[in-house]
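First the structure, in the form of structure tokens, and then the observations on it.
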Amino acid sequence: MKRSNQKKTTEAQSSQKENLRKPGKDLKRKDLKNVSSVSSESQCLCGKVSIDHIVEDFTNKLIKGEKITIDQILKKYPKIADKLKPLLESTQLLLQAGDQFDKQIADELKEYDEELWQELEKNILAKSVKQVQKQEALLKKKETKTLSQRFEYLILMLYVKGYHARIGESIRGITRFIKALFLLEKETDLAKLIKTYYDFVPYKIGPFDPAIYQDLKVLELAGIIKRQTYKYRKPTDDSKIERFDDVQIDEGFQFNDESTLFVLTDNGMKYAKALAKWCDQKDENILLNIRRIKTKYGSAPLKYLLKYIYENYPDYTKESEFIKDILK
Numbered sequence: 010m011k012r013s014n015q016k017k018t019t020e021a022q023s024s025q026k027e028n029l030r031k032p033g034k035d036l037k038r039k040d041l042k043n044v045s046s047v048s049s050e051s052q053c054l055c056g057k058v059s060i061d062h063i064v065e066d067f068t069n070k071l072i073k074g075e076k077i078t079i080d081q082i083l084k085k086y087p088k089i090a091d092k093l094k095p096l097l098e099s100t101q102l103l104l105q106a107g108d109q110f111d112k113q114i115a116d117e118l119k120e121y122d123e124e125l126w127q128e129l130e131k132n133i134l135a136k137s138v139k140q141v142q143k144q145e146a147l148l149k150k151k152e153t154k155t156l157s158q159r160f161e162y163l164i165l166m167l168y169v170k171g172y173h174a175r176i177g178e179s180i181r182g183i184t185r186f187i188k189a190l191f192l193l194e195k196e197t198d199l200a201k202l203i204k205t206y207y208d209f210v211p212y213k214i215g216p217f218d219p220a221i222y223q224d225l226k227v228l229e230l231a232g233i234i235k236r237q238t239y240k241y242r243k244p245t246d247d248s249k250i251e252r253f254d255d256v257q258i259d260e261g262f263q264f265n266d267e268s269t270l271f272v273l274t275d276n277g278m279k280y281a282k283a284l285a286k287w288c289d290q291k292d293e294n295i296l297l298n299i300r301r302i303k304t305k306y307g308s309a310p311l312k313y314l315l316k317y318i319y320e321n322y323p324d325y326t327k328e329s330e331f332i333k334d335i336l337k
């Protein structure tokens, strides 16, 4: 009985193998080839995955900025052009709308950033003004024990005698003011008396720190200093040519016929006197060194001053093609 069952099983297996080798009674080999071809074309061109792939490829090329058109894709796949066209068109429209939206968002963010920065700057300035007023109050009460703020050097620079030997002698021009503060650090030890002095870096017209602009603005808002802008006409007197050249160079970044005079206000003079009194008690060399820098450089012709820095502090003039031009 077992042998009979084994024989039937063997015959059945042989029959299955034979059927696998033959295409069947109702299907010829060439028909199988045709079916295979149709199936392959369906998977490559008409199937959902394939269309998605084509659309995805088209999208990626547009995102990368490649020059490709819908017509090019349709010519490549003519058999499914009707299905592809609406998909490609909608994709292109979405991307274009996205670009416009991104631009709109960018413009709105830019405007928002500007408003935010203005508000932030306003808060920073307000906070800094309070710091100046606090320091001023401490001086009046004689409660301060140290020269602690960098802006106090700006006040003292405007207070001490300069080339004309006058207390409260003004400084003409932002460029000259910046360079005087730079040389105060390089040619004295005064910058070490405070935790944070100005951080000068090479720029178009030599050593520069934008924080000086901010501190001058703060002192102006606090009523400690004032600035006066004046305009020059081209002089005919040769003796005044050098001064006119100064005005053209001043403000540092463009030739112009305007300059700025920085002076202490009445309130600023009171602050400066209290500060100077403390300095005299602490170390008389503080005011002597500031006066030396102001007398030597505070009224010097800018060409001379820039040439001096160019020759003695070359690391701070490596970005200064502007200086090279004006020193020719």
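If you want my numbering, it's the position in the sequence shown, counting the first as 1, plus 9.
Cβ coordinates follow ideal geometry from the N, Cα and C atoms, glycine included.
Computed from a prediction, not measured in an experiment: that's the story for all the values here.
Who are residue i's beta bridge partners in DSSP?
| i | result |
| --- | --- |
| residue 215 | 212 |
| residue 147 | DSSP output for residue 147 lists no bridge partner at all. |
| residue 82 | For residue 82, which the question treats as bridged, DSSP gives no partner whatsoever. |
| residue 234 | 273 |
Does the distance from the C-beta atom of residue i to that of residue j stay below 7 Å?
| i | j | result |
| --- | --- | --- |
| residue 180 | residue 277 | no |
| residue 218 | residue 207 | yes |
| residue 170 | residue 176 | yes |
| residue 142 | residue 158 | no |
| residue 216 | residue 191 | yes |
| residue 273 | residue 234 | yes |
| residue 97 | residue 79 | yes |
| residue 314 | residue 188 | yes |
| residue 67 | residue 82 | yes |
| residue 230 | residue 156 | no |
| residue 222 | residue 304 | no |
From what residue to what residue does the alpha helix (DSSP H) around residue i run?
| i | result |
| --- | --- |
| residue 189 | 183-196 |
| residue 169 | Per DSSP, residue 169 belongs to no alpha helix (DSSP H) and is neither H nor E. |
| residue 201 | Taken as a continuous stretch (DSSP letters only), residue 201 belongs to no alpha helix (DSSP H), as it is neither H nor E. |
| residue 277 | 275-291 |
| residue 326 | Neither: residue 326 is in no alpha helix (DSSP H) and is coded neither H nor E. |
| residue 60 | 57-72 |
| residue 178 | From DSSP, residue 178 is part of no alpha helix (DSSP H); its letter is neither H nor E. |
| residue 221 | 220-230 |
| residue 320 | 311-321 |
If you count every other CB in all the chains shown that lies within 10 Å of the CB of residue i, and 16 or more means buried, which is it?
| i | result |
| --- | --- |
| residue 325 | buried |
| residue 95 | exposed |
| residue 224 | buried |
| residue 162 | buried |
| residue 76 | exposed |
| residue 72 | exposed |
| residue 168 | buried |
| residue 205 | exposed |
| residue 238 | exposed |
| residue 323 | exposed |
| residue 178 | buried |
| residue 327 | exposed |
| residue 270 | exposed |
| residue 84 | exposed |
| residue 70 | exposed |
| residue 139 | exposed |
| residue 99 | exposed |
| residue 318 | buried |
From the beta carbon of residue i, is the nearest beta carbon of chain D less than 7 Å away?
| i | result |
| --- | --- |
| residue 298 | Here there is only one protein chain, and chain D is not present. |
Say the cut is 6 Å; is the CB of residue i nearer than that to a heavy atom of the ligand COA?
| i | result |
| --- | --- |
| residue 90 | This structure lacks the ligand COA, and indeed carries no ligand of any kind. |
Three or more C-beta pairs closer than 8 Å, one from the stretch 278-288 and one from the stretch 178-197: is that the case here? Not touching, per the Cβ criterion.
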